[in-house]
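Presented below is the structure to which this report refers.
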Amino acid sequence: MADENEDLMYSPSEGRMGGPNEAALLALMEKTGYSMVQENGQRKFGGPPPGWEGSPPPRGCEVFVGKIPRDMYEDELVPVFERVGRIYEFRLMMEFSGENRGYAFVMYTTKEAAQQAIHMLDNFEIRPGKFVGVCVSLDNCRLFIGSIPKEKKKEEILEEMKKVTEGVVDVIVYPSATDKTKNRGFAFVEYESHKAAAMARRKLIPGTFQLWGHTIQVDWAEPEKDVDEETMQRVKVLYVRNLMISTAEETIRNEFSKFKPGAVERVKKLTDYAFVHFYSRDDAITAMHFMNGKSIDGSNIEVTLAKPVNKESSRRYSQKGQGSQNSEGFLFQNKDDGNPTTPTRPLSLPARLNSHHNPSSPEVERYVYPFLPGINLAAISMYSLKLGHFCSAVTHLDYYCNKNNWAPPEYYLFSTTSQDGKLLLIYRVVITATRSSFMPDKLCTLLEDAKELAAQNALWNLDCTFCGPTSLNSLSPPGTTSSNSLLPYGCRPYSYPSYPLSPALPLVNGSHVAQRLFISNQSPFF
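For any residue, its number in the working numbering is found by taking its place in the sequence shown, counting from 1, and adding 18.
What follows is the structure, encoded as structure tokens:
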């Protein structure tokens, strides 16, 4: 015990008011038989506990504890957290001054104990008026590597990453949604441990490291959220990825119904992934094994069970930026977007209107990079950019008018009231240079939706080529009610002109502005 006490006394708390009560910590160690060591800015209690044999607990046994009072230590914390199960290791993050940093990691010996800790101790009042937060802690072993040449294969990327970093276990590469012979410009690298991944990140993160002459972007990949076994045992929905963008929902339904006609309840497809709902879990499991790795429309698909979302936990989870929840109520790792912390592709950004289609418009990778001190900036005009830099029809229309030396488009807002009392909005777009005006045949409940739809309609009528794979003349106009409707969600368009319109409305503080319109790349207009 002498060495352990020496490690404990090394904690720089002498002379500080409110520091850890060393007598209480010693008493805790004697009572429990656990050791305590402080190193690298954290104090470890246990790891392993007395009498432990074998390897450490598996992934999913650790929880993160936040909002800990800075003057609270193991003698108060451990008794609270050991109520729900046996603790393998308690790590309290420490300041040099001797006070804690407000958070800790608690590893239990079982996953069940960790889940119980989240259930019982999240938002627990640990002191009068002081509530701690408890959530799952994921030991991340995966890095996101961006700006990889798209012609590189998995084997080449794996070989290169093993040359420049240690502990590489695997590389995950996804084919492009539009050209399956190319990758998407990024990869996930799996390491043997969190420490190996952290060391690799430290080596690659300065932003100057190059692979094949390209400066790569490196950061932690977003970990996938674990769902408890009991919940997963009830799942009867499959998550299907690596589909062709052109693949229709009906095709997916037919393919997944081959082994048992009538087994599929419904299919929801978004870009190049889909959710397939079954009437029974047994049929879902059979279909998963039957279809995983099969080819649909020339693309080999990946099929797994979808992960249901607990509303409360997913709210906290998504606030941390750790995952995506779709309209189907399932959680999924948005691998297509890479999900790095920095750089990142925010999920709120709408799809580019000319994504992957216009040969005259170079493809622009959608990343957000950190703005670092010392970066040189140059003032430019938006009109000096190429179409590939835009994702909004409103911006496209303004750009289109400028390139034709026309005056900017003019927008006039009108409103009406629906039969159920909703305020409906519609814009008329006036192009003075051509003495023409355009108004879509749909009304929207949100101001931004109405303006976007009006701009799309104007571009349609002006015959501005967006990059659709076929001629505009062969496509349906914006806002039609085809299966690939222009407004797939977030907006309910109302038919016009069945409502009388009021005069133009003034724009008052953007009172009708809400969630941004998402425009699917599958839309026939694009």
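Idealized CB from N, CA, C, for every residue including glycine.
To the nearest angstrom, how far is it from the Cα of residue i to the Cα of residue j?
i    : j    : result
V81  : H407 : 42 Å
Y297 : K312 : 22 Å
T233 : I223 : 11 Å
R88  : M111 : 10 Å
T269 : A302 : 17 Å
K181 : V207 : 13 Å
P458 : R160 : 47 Å
W238 : N158 : 8 Å
A281 : K198 : 30 Å
L415 : A195 : 27 Å
I393 : T413 : 27 Å
E174 : I166 : 11 Å
L261 : F204 : 18 Å
S410 : T183 : 40 Å
N58  : F108 : 15 Å
K254 : H295 : 6 Å
Y401 : R202 : 28 Å
F293 : K200 : 25 Å
I163 : M47  : 43 Å
G147 : K286 : 46 Å
Q56  : E248 : 38 Å
A476 : A425 : 15 Å
D438 : V448 : 30 Å
E283 : E267 : 12 Å
E428 : T452 : 12 Å
Q474 : F456 : 10 Å
A472 : T434 : 16 Å
F123 : S211 : 17 Å
R101 : K170 : 52 Å
T304 : L288 : 23 Å
Can you list, in chain order, the residues of its chain whose CB lies under 8 Å from that of residue i, leaving out five sequence neighbours each side?
i    : result
M306 : L256, V321, T322 and L323
V98  : L139, F142 and I144
L43  : L26, M54, Y91, E92 and D93
L176 : V186, D188 and V189
C79  : Y106, M125, Y126, T127, T128, K129, A131 and A132
F149 : K85, N141, F142 and E143
D315 : L261, M262, S264, T265 and T269
A45  : D93
S275 : A281 and V282
Could you name the residues of the same chain whose beta carbon sits closer than 6 Å to that of residue i, not counting the 5 residues immediately before and after it, in chain order?
i    : result
G84  : Y121 and G151
E40  : none
N310 : V321
T499 : For T499, the predicted structure reports a pLDDT of 39, less than 50, and the residue's modelled location is therefore unreliable. A value from the coordinates is still provided. Taken in chain order, the list of residues that qualify is empty.
R259 : Y291 and E320
F63  : Y52, M54, E92 and F108
R299 : K254
G65  : E107
S450 : Checking the sequence shown, residue 450 turns out to be Thr, not Ser. So the list reads A425, once near-sequence residues are dropped.
Quick check on residue i: buried or exposed, where buried means 16 or more other Cβ atoms within 10 Å of its Cβ?
i    : result
R61  : buried
F114 : exposed
F76  : Looking at the sequence provided, one finds Pro at residue 76 rather than Phe. So P76 counts as exposed.
N118 : buried
I398 : exposed
G235 : Sequence inspection shows Gln at residue 235; the Gly mentioned does not correspond to that position. With 16 or more other Cβ atoms within 10 Å, it is buried.
M250 : exposed
F277 : exposed
K404 : exposed
A218 : buried
Y387 : exposed
N479 : buried
N423 : exposed
G103 : buried
A396 : exposed
K49  : exposed
K325 : buried
E71  : exposed
Give me, in chain order, the residues of the same chain whose beta-carbon lies closer than 7 Å to that of residue i; leave out the 5 immediate sequence neighbours on both sides.
i    : result
K172 : V189 and V191
G51  : P68
M179 : V186, V189 and V207
If you measure from the beta carbon of residue i to each beta carbon in chain B, is any gap under 8 Å?
i    : result
F206 : Annotation note: the requested chain B is absent from the structure, which comprises a single protein chain.
### Message
Can you confirm whether the segment 442-454 touches the segment 462-472 when touching is taken to mean that 3 or more C-beta pairs between the two stretches lie within less than 8 Å?
### Response
The segment 462-472 is in contact with the segment 442-454.
### Message
Just to confirm the assignment: which complete alpha helix (DSSP H) runs, minimum length 4, are found wholly within the segment 398-431?
### Response
Runs of the alpha helix (DSSP H) inside the segment 398-431: 411-421.
### Message
Extract the residue ranges of the beta strand (DSSP E) inside the segment 119-205, only unbroken runs of 3 or more that lie entirely within it.
### Response
Correct list: 142-145, 148-154, 160-164 and 186-193.
### Runs of alpha helix (DSSP H) wholly within the segment 75-102 (minimum 4 residues, chain order)
Here the runs fully enclosed are 92-99.
#### Entry: Minimum length 3: unbroken beta strand (DSSP E) runs contained in the segment 226-289
Counting only runs of 3 or more, we get 235-238, 255-259 and 282-288.
### Query
What are the uninterrupted segments assigned as beta strand (DSSP E) that are 3 or more residues long and contained completely in the segment 47-77, given in chain order?
Counting only runs of at least 3 residues, the segment 47-77 fully encloses the following beta strand (DSSP E) elements, listed from N- to C-terminal order: 54-57 and 60-64.
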